[in-house]
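J.:
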Amino acid sequence: MKRATSTASSPGPRVWRNWAGTAAATPARWCRPRSEAEISAALKDAAAAGLQVRALGSGHSFTAVAATSGVALDLSGWTGITAADTRTGLVTARSGTTLRALNAELGGLGLAMANLGDIDAQTLAGALSTGTHGTGARLGGLATQVESLELVLADGSLVTCSASARPDLFAAARIGLGALGVITAVTLRCVPSFTLLADERPMPVEEVLEQFDALAAANDHFEFYWFPYGRKALVKRNNRLAPEEPAGPAAAASAPAMPRWRRFWEFEVMENAAFGTLCRIGRARPRLIPALNRFSSAALSTRTYTDMSHRVFVTPRRVRFAESEYAVPRESLGHVIAELRRAAPRLPDPVMFPVEVRVAAADDIWLSTAYGRESAYVAIHQYTGLPYQDWFDRFESVVAEVAGRPHWGKLHSLDAGRLRPLYPRFDEFRRIRAEVDPEARFGNSYLARVLG
Ligand SMILES: Cc1cc2nc3c(=O)[nH]c(=O)nc-3n(C[C@H](O)[C@H](O)[C@H](O)COP(=O)(O)OP(=O)(O)OC[C@H]3O[C@@H](n4cnc5c(N)ncnc54)[C@H](O)[C@@H]3O)c2cc1C
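Counting from 1, position 287 in the sequence shown corresponds to residue 438 in the working numbering; the numbering is continuous, with no gaps.
(1) Go through its chain and collect everything with a Cβ distance to T158's Cβ below 6 Å, but skip five positions before and after it.
(2) Over the uninterrupted alpha helix (DSSP H) stretch that includes V356, give me the two end residues.
(3) If we call anything under 8 Å between Cβ atoms a contact, is T233 one with R251?
(4) Could you pull the DSSP bridge partners for K195 from this structure?
(5) Given a threshold of 16 other Cβ atoms within 10 Å of its Cβ, counted over all protein chains shown, does S460 qualify as buried or as exposed?
(6) Among the residues of its own chain, which have a CB less than 7 Å from the CB of L562, if the five just before and after it don't count?
(7) When DSSP labels each residue in this structure, what does P353 get in the three-state scheme?
(8) When the Cα atoms are used, what is the spatial distance from V242 to A336?
(9) Mind checking who V333 pairs with in its DSSP beta bridge?
(10) Going by the beta-carbon positions, is the gap between G268 and A512 smaller than 8 Å?
(11) From F363 to R545, what does the alpha carbon distance come to, in whole angstroms?
(12) With distances taken between CB atoms, is the gap from P343 to P394 smaller than 8 Å?
(13) Can you grab the Cα-Cα spacing for the pair W377 / A316, in whole Å?
(14) For A198, which of G307, L226, L207 has the nearest alpha-carbon?
(15) Nearest-angstrom Cα distance between G433 and P501?
(16) Name the one or two DSSP bridge partners that I516 has.
(17) Which value, in whole angstroms, describes the spacing of the CA atoms of G228 and P184?
(18) Using 8 Å for Cβ pairs, my map puts I326 next to A294. What's the rounded Cβ distance?
(19) Given this structure, state the Cα-to-Cα distance separating R592 from C312, to the nearest angstrom.
(20) When you compare only the Cα positions, how much space is there between F321 and G427?
(21) Alpha carbon to alpha carbon, how far is L202 from L224?
(22) Go through the residues and name those whose CB comes closer than 5 Å to any heavy atom of ligand 1, in chain order.
(23) Looking only at C-alpha atoms, which of V386, H532, L279, G329 sits nearest to R471?
(24) On a Cα-Cα basis, can you pick out the residue from E482, F446, G560, D541 that is closest to S519?
(25) Buried or exposed for E552, please, with buried defined as at least 16 other CB atoms from any protein chain shown within 10 angstroms of its CB.
(26) Starting from the Cα of Y522, find the closest Cα among G485, F580, P538, V508 and give me that residue.
(27) Give the single residue among S191, L304, T219, H372 whose Cα lies nearest to the Cα of R289.
(28) Please report how far the alpha carbon of P572 lies from the alpha carbon of L366, in whole angstroms.
(29) Taking C-beta to C-beta, are S548 and V479 nearer than 8 Å?
(30) What is the rounded straight-line gap between the Cα of C341 and the Cα of R238?
(31) Below 8 Å, how does it come out for the stretch 486 to 498 and the stretch 257 to 264: are there three or more Cβ pairs, yes or no?
(32) Going by beta carbon distance, what residues of the same chain come within less than 6 Å of G555, once the five residues before and after it are set aside?
(33) Just to confirm, is the Cβ distance from R536 to N444 under 8 Å?
(34) Residues in its own chain within less than 8 Å of V601 by CB, not counting five upstream and five downstream?
See the structure below:
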């Protein structure tokens with residue numbers, strides 16, 4: 152999956168577009184800095200020209216969080232690990248490093264990220280800035296794995312923040328929406344490389360909901376997918392094998408590593424090519440969608456395998472879609488899914504894609520969707536080119552009943568007035584922002600909506 156930031160091939164202004172095709176912008180100026188000094192100079196030039204600035208990640212947010220009509224800072228030339236201590240696990244990487252490159256470099260050092268989301272195309276800073284997360288009831292999102300950050304602020308100064316140095320800035324900037332400065336480097340708390348035993352199997356959705364707390368507690372990384380017209384969910388359980396048994400002989404006997412050909416078949420052919428074909432049929436004949444959806448649900452099958460952690464967490468996503476995701480208090484998940492089950496058959500435009508449910512521990516990052524509460528993440532999707540507004544609106548009204556918090560990088564309609572009561576530290580975030588960026592140099596229309 153390559154970076155989604157693209158250029159117009161015809162002459163004329165260079166256009167930025169996101170991966171999903173749900174946001175586009177025409178920056179007045181593009182800049183590709185290769186050092187902190189060049190980032191700082193770009194900010195000073197932007198200030199002199201009265202332009203706003205956005206740092207670009209890989210364009211994998213569905214919202215216009217990265218969009219700008221001012222200066223687009225392309226950090227694809229600012230990558231790589233700059234320091235690593237294999238004893239403590241502390242690793243410093245430049246902010247434009249993609250998670251894919253990071254995972255590969257960490258692997259070479261015998262290290263890994265403790266938890267990851269389901270793709271690796273994002274840049275490190277881009278993933279952190281919107282609160283990217285994976286799943287695991289005892290684990291937080293990516294930002295909880297950060298030890299310290301270096302940022303260039305609006306005035307061009309370079310600052311470091313951590314739990315002990317400028318702790319307020321640290322609490323805000325780990326999930327900072329790109330609103331506080333340009334992150335130049337991130338020091339991560341990594342863990343020794345580990346192997347996961349993956350177990351994926353269909354289960355009736357009622358059973359999954361009944362056993363939800365037990366499944367979340369009993370597995371390191373638990374999630375499920377459910378096709379809205381189907382009766383079954385695909386339950387994914389990923390558990391760490393003991394470090395002294397890297398390949399876990401007992402486990403490996405029943406769940407060997409997946410051979411390369413099978414990986415290709417399962418992930419590329421079945422999950423992308425075949426599913427993509429069903430989606431195209433559904434887009435051409437929307438009335439078939441519920442049947443195609445039930446077919447996809449009935450075709451869910453069991454698989455178990457072992458592999459390095461990042462090769463289990465991450466899978467290729469080549470079929471494009473629009474997505475919305477909310478974090479809800481764990482105990483309200485049953486209500487949310489029951490309402491979605493009621494709503495799906497009544498939608499004017501049927502839904503092709505499954506609902507995904509994940510879990511996370513509470514954390515203390517001010518704009519984290521899991522701030523102060525154990526969370527269940529509920530993500531809904533629709534195949535690109537199919538109408539999704541009714542489904543997404545219905546979803547938003549259901550999660551609003553349980554104080555759901557939207558993922559900052561996924562589609563939602565909330566503004567500052569509605570977000571403020573959901574985040575106990577919302578005003579403190581705004582206070583820090585006013586201190587470090589009084590002229591909203593890092594502003595854009597999305598931030599104007601969500602931060603006010
Ligand atoms: C197919 C797909 C799968 C996904 N899976 C998951 C998942 O499993 N879990 C999950 O939580 N999310 C997931 N997402 C959402 C995605 O992780 C987030 O939207 C993430 O922010 C995208 O990272 P990016 O590098 O593309 O950043 P962009 O979308 O380009 O930018 C995001 C924000 O980061 C800011 N930013 C980028 N670089 C810097 C910097 N150096 N300094 C300051 N700010 C910066 C931008 O200005 C912007 O505000 C998925 C998205 C897609 C398309």
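By construction, the Cβ of each residue, glycine as well, lies at the ideal position given by its N, Cα and C atoms. Only a predicted model underlies this, so the values are computations on that prediction, with no experimental measurement involved.
T.: Taking the coordinates as given:
(1) For the purposes of this step, residue 158 is taken as the residue at position 7 of the sequence shown. Because T158 carries a pLDDT of 42, less than 50, the predicted location of this residue cannot be relied on, and the following value inherits that uncertainty. So the qualifying residues of the chain are R165.
(2) Translated into the one-based positions of the sequence shown, residue 356 becomes position 205. Per DSSP, V356 belongs to the alpha helix (DSSP H) from 356 to 361.
(3) What you label residue 233 is simply residue 82 of the sequence shown in a count that begins at 1. What you label residue 251 is simply residue 100 of the sequence shown in a count that begins at 1. Cβ distance not < 8 Å, so T233 and R251 don't count as in contact.
(4) In the sequence shown, counting from the first residue as 1, residue 195 sits at position 44. Its beta-bridge partners do not exist; DSSP assigns none.
(5) Numbered from its first residue, the sequence shown carries residue 460 at position 309. So S460 ends up on the buried side.
(6) Stepping through the sequence shown from its first residue, residue 562 is reached at position 411. The residues are T173, F213, T214, A473, E474, S475, F543.
(7) The residue labelled residue 353 in the question sits at position 202 within the sequence shown. Residue state, collapsed to three classes: strand.
(8) If you number the sequence shown from 1, residue 242 lands on position 91. If you number the sequence shown from 1, residue 336 lands on position 185. Computed Cα separation, rounded: 10 Å.
(9) Here the question's residue 333 lines up with position 182 in the sequence shown. Paired residue(s): V303.
(10) As a working mapping, residue 268 is identified with position 117 in the sequence shown. As a working mapping, residue 512 is identified with position 361 in the sequence shown. The answer is no: Cβ separation not under 8 Å.
(11) Counted from its first residue, the sequence shown places residue 363 at position 212. Counted from its first residue, the sequence shown places residue 545 at position 394. Taking the straight line from one Cα to the other gives about 23 Å.
(12) In the sequence shown, counting from the first residue as 1, residue 343 sits at position 192. In the sequence shown, counting from the first residue as 1, residue 394 sits at position 243. Against a cut-off of 8 Å, the Cβ pair of P394 and P343 comes out as a contact.
(13) The count along the sequence shown starts at 1 and reaches residue 377 at position 226. The count along the sequence shown starts at 1 and reaches residue 316 at position 165. Near 44 Å, if we compare the C-alpha coordinates of A316 and W377.
(14) Locating residue 198 in the sequence shown gives position 47, counting from the first residue. The candidate whose alpha carbon is nearest that of A198 is G307.
(15) As a working note, residue 433 is residue 282 in the sequence shown. As a working note, residue 501 is residue 350 in the sequence shown. Taking the straight line from one Cα to the other gives about 9 Å.
(16) Sequence index remark: in the sequence shown, residue 516 carries index 365 (1-based). The partner list for I516 (beta bridge, DSSP) is empty, contrary to what the question assumes.
(17) Within the sequence shown, numbered from 1, the residue matching residue 228 stands at position 77. Within the sequence shown, numbered from 1, the residue matching residue 184 stands at position 33. Answer to the nearest angstrom: the Cα atoms are 7 Å apart.
(18) Your numbering for residue 326 matches position 175 in the sequence shown. Your numbering for residue 294 matches position 143 in the sequence shown. Their Cβ separation, rounded to whole angstroms, is 5 Å, which keeps I326 and A294 in contact under 8 Å.
(19) Locating residue 592 in the sequence shown gives position 441, where the first residue counts as 1. Locating residue 312 in the sequence shown gives position 161, where the first residue counts as 1. Distance between the alpha carbons of R592 and C312 is about 20 Å.
(20) Sequence index remark: in the sequence shown, residue 321 carries index 170 (1-based). Sequence index remark: in the sequence shown, residue 427 carries index 276 (1-based). Distance between the alpha carbons of F321 and G427 is about 41 Å.
(21) Here the question's residue 202 lines up with position 51 in the sequence shown. Here the question's residue 224 lines up with position 73 in the sequence shown. Approximately 12 Å, taken between the alpha carbons.
(22) W170, R205, A206, G208, S209, G210, H211, S212, V216, A217, S246, G268, D269, I270, Q273, T274, A276, G277, A278, S280, T281, T283, H284, G329, V333, I334, R468, G560
(23) In the sequence shown, residue 471 corresponds to position 320, counting from 1. Nearest of V386, H532, L279, G329 to R471, Cα basis: H532.
(24) Within the sequence shown, the letter at position 368 stands for residue 519. When only C-alpha atoms are compared, the closest one is G560.
(25) In the sequence shown, residue 552 corresponds to position 401, counting from 1. So E552 ends up on the exposed side.
(26) Counted from its first residue, the sequence shown places residue 522 at position 371. When each option's Cα is compared against that of Y522, the closest is F580.
(27) The sequence position of residue 289 within the sequence shown is 138, counting from 1. Closest option to R289, Cα to Cα, is H372.
(28) Against the sequence shown, residue 572 aligns to sequence position 421. Against the sequence shown, residue 366 aligns to sequence position 215. The alpha-carbon atoms of P572 and L366 are separated by roughly 31 Å.
(29) Translated into positions along the sequence shown, residue 548 becomes position 397. Translated into positions along the sequence shown, residue 479 becomes position 328. Taking 8 Å as the Cβ cut-off, S548 and V479 do not qualify as a contacting pair.
(30) Taking the sequence shown and counting its residues from 1, the one referred to as residue 341 is at position 190. Taking the sequence shown and counting its residues from 1, the one referred to as residue 238 is at position 87. Going by the C-alpha atoms only, they are around 10 Å apart.
(31) no
(32) Numbered from its first residue, the sequence shown carries residue 555 at position 404. Around G555: Y477, V479.
(33) To locate residue 536, count along the sequence shown from 1; it is residue 385. To locate residue 444, count along the sequence shown from 1; it is residue 293. Residue 536 is actually Gly in this sequence, not Arg. Not in contact: G536 and N444 (Cβ atoms no closer than 8 Å).
(34) As a working note, residue 601 is residue 450 in the sequence shown. These residues qualify, in order along the chain: L328, W559, L565, D566, A567, L570.
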